[in-house]
Amino acid sequence: MRLKSLSIAGFRGFPRPVTLDLDADAVIVAGVNGSGKTSLFDAVLWALSGSIDRLSDETVNLVSRYSPSGEARVEAVLSSDNDSTATVIRRFDGKAHLSVQRGSDPPVTGPAAEAALIELLWPDAKSSADPLKALTRSLTRATYLQQDSVRQFVEADTEQERFQVVGDLVGVGRIAELQRQLESSKNSWTRATTTLERDLDPFVTQRTVIRERVNRLQSLEVEGDIQAEYANWRQAVATSLGSDNGGLGVERTAEELDRGLNELLSREQAEARRVSALQRLTSHLAKPRPEAPDLSLLQAVLTAAEARTQTASEQVASAEQQAALDRRVQVELTERTESLRALAQLALRHLGDACPVCGQTYDQIGTRSRLQHMLDEVHAPAGGSQLPDLPGAAAELEAAERDLSAARAVVRNAQTAVQAQAEWDNLLGPLVQEAGLKAETLTTQDTASLLDEAQSSVSSLRQLRVQGEQLSLGLARTAELAQREELEQQLAALDRAIVERQTSIDARKETGDVAAQIINALRVASSSVVGAELERIEPLLQRIFATVDPHPSLRVVSFLTKTVRGHGQMWTQLDDVSSSVSVQEPALVLSSSQLNVLAVVMYLSLNLAIPTLPLQVVALDDPLQSLDTVNLLGLADLLRRVKATRQVIVSTHDSHLADLLERKLRPVSTDQRTVRIDLRGWTLEGPSIEQADVPQDIAPLRLVVSA
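Heads up: the sequence shown begins at 64 in our numbering, then just goes up one per residue.
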């Protein structure tokens, strides 16, 4: 199918609605950079695929910021070789809308529109895992060569992605999808088989356990008469426990034995606790009860000693106080006497006819007699003063304190003895109670006798319990012997179940192996088909490569394929035949322009060699951005040949190249048509568009030989 017309509104560089006439063999779009050339090509890609991967995953970003309606709408009208038409309308107003209409049929919308679009453009894509993604890859790898993604197929895509793209283009998608489905089914099959194997493990484990039990039971024997031994043991238990049957029934069962053993264990533990209590009581009685004196008499002696000490202390204090008072009186008397003596001596020394103080006459003899008498009294020793007996009082206090200290020591020792006696008595009561005795006037001999009896009881109970456990083991062996036949039947049933399951697992594994062989065969077939198609494409690839001749020595180009880990890979090789030089990574030796030429050559070879592409269109977005002038001349000649089988849509920002393309692609017959679209400037309403038909070449140029 080819493009017939394109209506754009609110999409990228076209805010206002425009309609472009594309019903021509060649369409030349000319305009300076930024005038909307790439937006025109992207509108076609978005209408047919619903996305532009190189720009954004969010469709809202494709809506023009100056769209008056706030939505983007692109309508592409397609025509087929039989002149039937189809209309694809894609719109985005916050939600994506798609409408596909064939001729005058009712349009298909909603979820069914995507399937209708695939059916319209490229039914082969339905065999792919993601049909819409496969359609998009076919458009961007073999129909529309995007300006800023020229080398993506050569550089960015991995070898596996290139192989997958070519496989989808040449129709290997059905094989690849069958391979993917088989791989998915095989994986599910393998997981289910693994689950069955895991489910088989419990059966095998159970069989092993039962087989071991059967083998053990085959060599198991029961010695003696279990019934008689049980009766004797039952009677012994009844005697030991002091009851008729000790909680045991007449029947010889495991439950009866367990009940009797539990009763024996409980009684044994109780007797063991009593033995422990008797041992502690015996040990306690082995220590004599501490003696304690009459503490009240000693307290009275202590009180008397304290009173004596208090009295002596008061006497010493009184004596010390009296001595201090006497010393103070003596000092005052001595000071007064010394003062009077000094005055008398001074007066005697200065007495004359008149008083030295008042100047009057006085009785000199009487005065001198009194003064001398005063001197005589001062020199006389003071007598009649009796000092208190302080040393005697101190000695009495010291003796009283010694007696008090001794009394206190005696009281302390007595208190310790009383406390020890109380502790001994306090410990005896609980021990007697714990031992289950009532009389507290027990002797060591009594407790020793009781201890021997309790220990003998514990030993007897323990022996009965051991015998009961042996009987229980014998009963268990008897029960196991009775189960031998049942276990052998279970073992036979398990053997049959395991054989059946293992047979099913083995069959599933064989089926998985067959599926793996088929998958490998499909991989080989897919690789072989792609390889054969690439061999078919290689001559065309070489002719196109030779036409543009981008490299002076590496002039042979070829496709190489291989299968790695079940996945096909493809890459391009350049050869210099004369020098036997091969390059499998062109990006390492080619310049940027040469690498762009190689990408254009691969794109054109795939476009021209594959007849089942969605669109019979060669769309080149401004190749001058990626190629130099020499390569562009070769490309222009190549496009002139291509337009005979493909609709050529090419854009350029260079007016000279546009004129050259107009001359190269002009129609040469009346049934051909070439259209030139000029995008002049850009405003908020979009570019100004001029469309015109290129005149037919009425008198083509001819080469003549000069004279």
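No residue lacks a Cβ here, since even glycine has one placed at the ideal position from N, Cα and C.
Open item on the list: Which residue marks the beginning of the beta strand (DSSP E) containing tryptophan 745, and which one marks its end?
Closed with: 737-746
inquiry  = Using 8 Å for Cβ pairs, my map puts valine 731 next to aspartate 760. What's the rounded Cβ distance?
reply    = 5 Å
**Message:** Counting C-beta neighbours from all protein chains within 10 Å, is the total for proline 174 16 or more, i.e. buried, or is it exposed?
**Reply:** Counting of Cβ neighbours within 10 angstroms places proline 174 among the exposed residues, the total staying below 16.
Hey, out of Glu121, Ser201, Leu280, Ser247, whose CA is closest to glutamate 551's CA? Leu280
Comparing C-alpha positions only, which one of Pro615, Asp741, Arg709 sits nearest to glutamine 735?
The shortest CA-to-CA distance from glutamine 735 to any of Pro615, Asp741, Arg709 is the one to Arg709.
### Local conformation of glutamate 753 per DSSP, three classes
strand
Worksheet entry | Residues near leucine 180 in its chain [Cβ-Cβ closer than 6 Å; skip 5 each side] | Val163
**Asked** Going by alpha carbons, who is nearest to leucine 603 out of Val593, Val300, Leu585, Met665?
**Response** Met665
- Query: glycine 422 by DSSP, collapsed to three states: which one?
  - Reply: coil
Practice item. Throw me the rounded Cβ distance for the leucine 683 and leucine 241 pair, which I believe falls under 8 Å. Key: Contact doesn't hold; Cβ gap of about 35 Å is too wide.
### Query
What residue does the beta strand (DSSP E) around glycine 94 start on, and which one ends it?
89-94
Leaving aside the five residues before and after isoleucine 273 along the sequence, list all residues of the same chain whose C-beta is less than 8 Å from its C-beta, in chain order.
-> Its chain contains Leu550, Gln553, Leu554, Leu557 as the residues whose beta carbon lies nearer than 8 Å to that of isoleucine 273, once the 5 sequence neighbours on both sides are disregarded; these appear in chain order.
Should threonine 374 go down as buried or exposed, given a rule of 16 or more other Cβ atoms within 10 Å for buried?
Looking at its Cβ environment, which holds fewer than 16 other Cβ atoms inside 10 Å, threonine 374 is exposed.
Looking at the structure shown, is tyrosine 293 part of a helix, part of a strand, or coil, going by DSSP? helix
Check: Among all the DSSP beta bridges, which residues are the ones paired with glutamine 164?
Finding: Thr150
Does histidine 614 pass the burial test, meaning 16 or more other C-beta atoms within 10 Å, or should it be called exposed? buried
I'd like the list of long-range same chain contacts for arginine 276, defined as Cβ closer than 7 Å, with 5 residues on each side in sequence excluded.
Hits under 7 Å: Leu550.
Practice item. Taking serine 114 as the reference, give the member of Lys67, Met64, Pro80, Thr199 with the closest Cα. Key: Thr199
* To do: With distances taken Cα to Cα, identify the nearest neighbour of leucine 490 among Leu320, Val521, Ala340, Asp569.
  => Ala340
Self-check item: Between the CA atoms of proline 356 and alanine 463 - distance to the nearest angstrom
Solution: 24 Å
Next on the checklist: Let me check understanding here. Comparing Cα to Cα, which of Arg337, Leu327, Gly492 lies closest to leucine 513?
Outcome noted: Arg337
Just the Cα atoms here: how many angstroms apart are asparagine 96 and serine 130?
As the crow flies, the alpha-carbon of asparagine 96 is around 21 Å from that of serine 130.
Original post:
Nearest-angstrom Cα distance between arginine 606 and alanine 662?
Top reply: 14 Å
Q) Thinking C-alpha only, which one of Arg726, Leu453, Pro750, His716 is nearest alanine 699? A) Arg726
What are the start and end residues of the beta strand (DSSP E) that includes valine 17?
No statement about residue 17 is possible, as the shown extent of the chain runs from 64 to 770 and does not include it.
Between the Cα of arginine 599 and those of Glu563, Leu653, Ile673, spot the shortest distance and give me the residue it belongs to. Its Cα nearest to that of arginine 599, the residue Ile673 stands out among Glu563, Leu653, Ile673.
Is there contact here, the segment 577-590 with the segment 292-302, by at least three beta-carbon pairs under 8 Å? Touching, no, given that fewer than three Cβ pairs across the two stretches are closer than 8 Å.
**Asked** Which two residues bound the contiguous beta strand (DSSP E) that contains glutamine 710?
**Response** 710-715
Rounded to a whole number of angstroms, what is the C-alpha to C-alpha distance between glycine 312 and glutamate 319?
Caution is warranted here: a pLDDT of 47 is assigned to glycine 312, below 50, making its placement in the model unreliable, and the coordinate value is therefore given only provisionally. Computed Cα separation, rounded: 6 Å.
*Going by Cα to Cα distance, which pick from Thr397, Pro265, Leu324, Leu245 is closest to alanine 578?*
Leu245
Give me, in chain order, the residues of the same chain whose beta-carbon lies closer than 8 Å to that of threonine 258; leave out the 5 immediate sequence neighbours on both sides. none
Review point. Of the residues Gly744, Pro750, Arg743, Asn670, which one's Cα is nearest the Cα of valine 711?
Key: Asn670
According to DSSP, is arginine 404 helix, strand or coil? helix
Nearest neighbour of arginine 243, chosen from Ile752, Leu728, Ala584, Asn659 [CA to CA] | Ala584
Inset, instruction - Take every Cβ of the segment 740-755, pair it with every Cβ of the segment 94-113, and state whether three or more of those distances are shorter than 8 Å. - result: yes
*For histidine 160, which residues of its own chain have a beta-carbon under 6 Å away from its beta-carbon, when the five flanking residues on both sides are left out?*
Arg154
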